[in-house]
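J.:
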Amino acid sequence: MPIATEFEYVKPKDMDEALHVFSLYREKARALAGGTDLVVHLKEGLARPEVVVDIKALPELAGLEFKGGTLRIGALATFTDLIESAAVKASFPVLWEAALTVASTGVRNRATVAGNICSAVPSADSAPALAVYEAVVLVRGLQGARSVPIGEWFTGPKKTALQPDELVVAVEMKAPPKKHGGCYMKLSRYEGEDLAQGGIAALAFADNTYRIAACALGPKPGRCPAAEAALTGAKLGPKVLEAAKAALLGEISPITDIRSSKEYRVHMAQVMLERALQSAVARLFGKGPKYGSENIC
Amino acid sequence: MKNHNISFRLNGEKVAISVEPNDVLLDVLRGKLGIKSPKVGCDRGDCGTCTILMNGRTVRSCLALAAEADGAEIVTLEGANTTRKWTQKLQKKFHEKNAFQCGFCAPGVILSATELLEKNPKASTHDIKEAIAGNLCRCTGYEPIVEAIEETVKGK
Numbered sequence: 023m024p025i026a027t028e029f030e031y032v033k034p035k036d037m038d039e040a041l042h043v044f045s046l047y048r049e050k051a052r053a054l055a056g057g058t059d060l061v062v063h064l065k066e067g068l069a070r071p072e073v074v075v076d077i078k079a080l081p082e083l084a085g086l087e088f089k090g091g092t093l094r095i096g097a098l099a100t101f102t103d104l105i106e107s108a109a110v111k112a113s114f115p116v117l118w119e120a121a122l123t124v125a126s127t128g129v130r131n132r133a134t135v136a137g138n139i140c141s142a143v144p145s146a147d148s149a150p151a152l153a154v155y156e157a158v159v160l161v162r163g164l165q166g167a168r169s170v171p172i173g174e175w176f177t178g179p180k181k182t183a184l185q186p187d188e189l190v191v192a193v194e195m196k197a198p199p200k201k202h203g204g205c206y207m208k209l210s211r212y213e214g215e216d217l218a219q220g221g222i223a224a225l226a227f228a229d230n231t232y233r234i235a236a237c238a239l240g241p242k243p244g245r246c247p248a249a250e251a252a253l254t255g256a257k258l259g260p261k262v263l264e265a266a267k268a269a270l271l272g273e274i275s276p277i278t279d280i281r282s283s284k285e286y287r288v289h290m291a292q293v294m295l296e297r298a299l300q301s302a303v304a305r306l307f308g309k310g311p312k313y314g315s316e317n318i319c
Numbered sequence: 005m006k007n008h009n010i011s012f013r014l015n016g017e018k019v020a021i022s023v024e025p026n027d028v029l030l031d032v033l034r035g036k037l038g039i040k041s042p043k044v045g046c047d048r049g050d051c052g053t054c055t056i057l058m059n060g061r062t063v064r065s066c067l068a069l070a071a072e073a074d075g076a077e078i079v080t081l082e083g084a085n086t087t088r089k090w091t092q093k094l095q096k097k098f099h100e101k102n103a104f105q106c107g108f109c110a111p112g113v114i115l116s117a118t119e120l121l122e123k124n125p126k127a128s129t130h131d132i133k134e135a136i137a138g139n140l141c142r143c144t145g146y147e148p149i150v151e152a153i154e155e156t157v158k159g160k
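Protein sequence lines correspond, in order, to chains A and B.
Going by the numbering used here, the first residue of the first sequence is number 23, and it counts up by one from there.
Going by the numbering used here, the first residue of the second sequence is number 5, and it counts up by one from there.
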């Protein structure tokens with residue numbers, strides 16, 4: 023299907039040139055990395071930019087690097103890059119596990135993590151993992167650089183803290199200082215390629231502290247502090263799990279859509295929380311299912 | 005709109021062509037370059053029938069702008085057949101196992117399997133199912149496709 027919208031295509035070779043285009047065109051400019059969302063939006067007329075800025079020639083955005091305990095996911099790093107990274111698998115296993123659930127190989131070969139959080143759909147699979155690892159989004163504009171904690175990044179469905187004249191450079195996160203086990207549990211209609219009906223990421227630490235985040239269970243993905251608080255200091259057992267589930271219900275607000283009813287999501291969110299926590303704790307002690315094998319479907 | 009003169013390698017041969025900014029790679033391959041193995045299916049990245057290899061990786065050509073192909077190495081089933089180690093073996097096995105009926109999905113499935121076996125020649129059944137999860141087939145029920153790839157792995 024041809025694209026009806028007419029636009030110019032530019033591929034700047036340096037950052038300054040790119041930022042000038044965004045500064046000049048603002049909302050009328052769209053960044054193109056993997057294109058797996060943008061090209062669909064162009065075809066469907068949901069995006070009608072005057073200029074499409076192909077950012078793939080900008081060296082500052084390239085690469086995936088783990089140095090000094092910090093992982094830097096350049097804005098051009100794809101989900102396949104994450105999956106193929108031994109460092110991501112070893113130090114950020116929940117992000118690795120989440121990357122495996124994104125669409126299909128042919129999409130993951132082009133789709134970027136930065137693009138996933140810029141599209142900012144409530145079901146973004148990378149978001150719960152980035153939230154539990156407390157990632158920071160590095161952005162640049164002509165006025166300078168700033169970093170936005172992932173907790174402040176999503177401002178609503180398909181809305182982010184990114185300004186129209188800014189570009190995401192990278193997503194960074196520090197490896198948790200203590201050993202952890204974790205799990206990303208994705209509920210989908212079938213195994214294989216599907217958007218999340220709901221997603222829960224959990225991290226468990228040996229001192230009985232936990233981090234929990236969700237996607238597709240509210241207007242924006244993010245941490246679930248009440249559920250975390252209900253668990254803190256406690257060994258995982260039926261009583262605390264019930265308390266955590268009750269707390270979770272107070273901080274999610276799922277809707278009914280084409281993939282699931284609200285009631286089903288509410289029910290399954292609790293099942294997923296329990297199973298994700300159980301897997302996370304088992305993995306903390308070297309047991310439980312292998313990373314990448316756990317999924318409800 | 006300003007046209008872009010791009011050049012890339014298509015199945016080993018250099019191609020130079022002028023494209024409009026909003027031309028989609030799949031449409032240029034099929035409409036202007038006569039490459040018909042990638043098909044127009046869902047046209048939004050879900051069905052996998054437009055799969056091509058771009059710089060060695062499977063890509064949805066319906067979700068790439070033609071201008072993005074500048075400087076790329078593009079291989080479609082037409083070229084993979086003679087240049088990639090696994091493609092012809094897969095095709096023979098697909099034929100033998102009757103792993104397609106209408107054939108609409110076959111180029112995409114075979115390229116996805118080609119990429120899988122290039123990365124992991126000992127792929128398990130799970131790996132195979134995961135690799136072709138983004139290629140929809142409405143005829144076979146997938147069983148003969150999975151079997152054909154399994155038997156290619158085993159060299160049967």
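Beta carbons: idealized from backbone N, C-alpha and C, even for Gly.
This one's a predicted model, so the numbers in the text were calculated from it and none came from an experiment.
Since A:H202 sits in a beta bridge, which residues does DSSP pair it with?
T.: A:H202 is bridged to A:F227.
J.: Flag this pair as yes or no: are the beta carbons of A:F227 and A:L306 separated by less than 9 angstroms?
T.: Yes, they are a contact pair.
J.: Do you know how far the Cα of A:L86 is from the Cα of A:K257?
T.: Going by the C-alpha atoms only, they are around 36 angstroms apart.
J.: Apart from the five residues just before and just after B:T144, which ones in its own chain have a Cβ nearer than 7 angstroms to its Cβ?
T.: Answer for B:T144: A103, F104 and Q105, listed in chain order.
J.: Should the stretch 164–179 of chain A be regarded as contacting the stretch 118–136 of chain A, the criterion being three or more beta carbon pairs within less than 8 angstroms?
T.: No, they do not touch.
J.: Could you name the residues of the same chain whose beta carbon sits closer than 6 angstroms to that of A:A298, not counting the 5 residues immediately before and after it, in chain order?
T.: Cβ neighbours of A:A298 beyond the five flanking positions: C205, M207, I222 and A224.
J.: Rounded to the nearest angstrom, how far is the Cβ of B:V32 from that of B:H8, given a contact under 8 angstroms?
T.: Contact doesn't hold; Cβ gap of about 11 angstroms is too wide.
J.: Where are the alpha helix (DSSP H) runs, 4 residues long or more, that stay fully inside the stretch 33–99 of chain A, in chain order?
T.: With a minimum length of 4 residues, the continuous alpha helix (DSSP H) runs that stay inside the stretch 33–99 of chain A are 37–47 and 60–66.
J.: Drop a sphere of 10 angstroms on the beta-carbon of B:L30, count the other beta-carbons inside from all chains shown, and report buried for 16 or more, exposed for fewer.
T.: Its Cβ being crowded by 16 or more others within 10 Å, B:L30 is buried.
J.: Just the chain B side, please: which residues come within less than 9 angstroms of A:D76 by C-beta, in chain order?
T.: Within 9 angstroms Cβ-Cβ: L69, A71 and E72.
J.: Contact check, B:K126 vs B:V157 under 8 angstroms by CB: the rounded distance?
T.: Indeed they touch by this definition, with Cβ atoms about 7 angstroms apart.
J.: Is the shortest distance between the beta-carbon of B:C66 and the beta-carbons of chain A less than 9 angstroms?
T.: By this cut-off, B:C66 is an interface position.
J.: Please state the DSSP three-state secondary structure of A:C319.
T.: Because A:C319 sits at a pLDDT of 48, beneath the cut-off of 50, its placement in the model cannot be relied upon, and the following sentence gives the value as read from the coordinates. In the structure shown, A:C319 sits in coil (DSSP, three-state: anything other than H, G, I, E or B).
J.: Going by DSSP in three states, A:T278 sits in which element: helix, strand or coil?
T.: A:T278 falls in the coil class under three-state DSSP.
J.: Please list, in chain order, the chain B residues whose beta carbon lies closer than 7 angstroms to that of A:K111.
T.: Those within 7 angstroms of A:K111 in chain B number zero; the least Cβ separation is about 15 angstroms.
J.: So is B:L120 buried or exposed if we call it buried at 16+ other beta carbons inside 10 Å?
T.: Buried.
J.: Starting from A:N131, find everything on chain B with Cβ-Cβ shorter than 7 angstroms and list it in chain order.
T.: Simply R61, T62 and V63.
J.: Taking only three categories from DSSP, how would you classify B:M58?
T.: Here B:M58 sits in strand by DSSP.
J.: Give the DSSP-derived three-state secondary structure of A:M207 in the structure shown.
T.: Note: A:M207 maps to strand in three-state DSSP.
J.: Are three or more beta carbon pairs between the stretch 63–74 of chain B and the stretch 31–50 of chain B nearer than 8 angstroms?
T.: Segments in contact, yes.
J.: Can you tell me whether DSSP reads A:P171 as helix, strand or coil?
T.: In this structure, A:P171 counts as strand in the three-state DSSP scheme.
J.: With DSSP run on the structure shown, which of helix, strand or coil describes B:V11?
T.: Strictly speaking, residue 11 of chain B in this sequence is Ser, with Val absent from that position. Looking at B:S11 - three-state DSSP - the assignment turns out to be strand.
J.: Counting only beta-carbon atoms, is A:Y31 nearer than 9 angstroms to chain B?
T.: For A:Y31, the answer is yes, since a Cβ of chain B falls inside 9 angstroms of its Cβ.
J.: From the DSSP secondary-structure annotation, give me the bridge partner or partners of A:F176.
T.: A:T182.
J.: Quick one, which of A:L160, A:S113 and A:S283 has its alpha-carbon nearest A:A192's?
T.: Among A:L160, A:S113 and A:S283, the Cα nearest to that of A:A192 belongs to A:L160.
J.: Please list the terminal residues of the continuous alpha helix (DSSP H) segment that includes B:R34.
T.: Here the alpha helix (DSSP H) through B:R34 covers L29 to G35.
J.: Cβ of B:A9 less than 9 angstroms from any chain A Cβ?
T.: It should be pointed out that residue 9 of chain B corresponds to Asn in this sequence rather than to Ala. No, B:N9 does not count as interfacial toward chain A.
J.: Give me, in chain order, the residues of the same chain whose beta-carbon lies closer than 7 angstroms to that of A:A323; leave out the 5 immediate sequence neighbours on both sides.
T.: Residue 323 of chain A cannot be examined here, being either before or after the span of chain A that is shown, 23 to 319.
J.: I'd like to know if A:E215 contacts chain B, where contact means its C-beta is closer than 9 angstroms to some C-beta of that chain.
T.: Yes, contact with chain B.
J.: If you measure from the beta carbon of A:L320 to each beta carbon in chain B, is any gap under 9 angstroms?
T.: What is shown of chain A runs 23 to 319, which leaves residue 320 of chain A out entirely.
J.: Touch check for the stretch 68–84 of chain A and the stretch 95–109 of chain A: three-plus C-beta pairs under 8 angstroms?
T.: With the cut-off at 8 angstroms, the stretch 68–84 of chain A and the stretch 95–109 of chain A touch.
J.: Between which two residues does the alpha helix (DSSP H) carrying A:R287 extend?
T.: Taken as a continuous stretch (DSSP letters only), the alpha helix (DSSP H) holding A:R287 covers K284 to L306.
J.: Do B:F108 and B:T62 count as a contact pair if the criterion is CB distance below 9 angstroms?
T.: No, they are not a contact pair.
J.: Using the Cα positions of A:R211 and B:R48, report the straight-line distance between them to the nearest angstrom.
T.: Those two C-alpha atoms are separated by around 19 angstroms.
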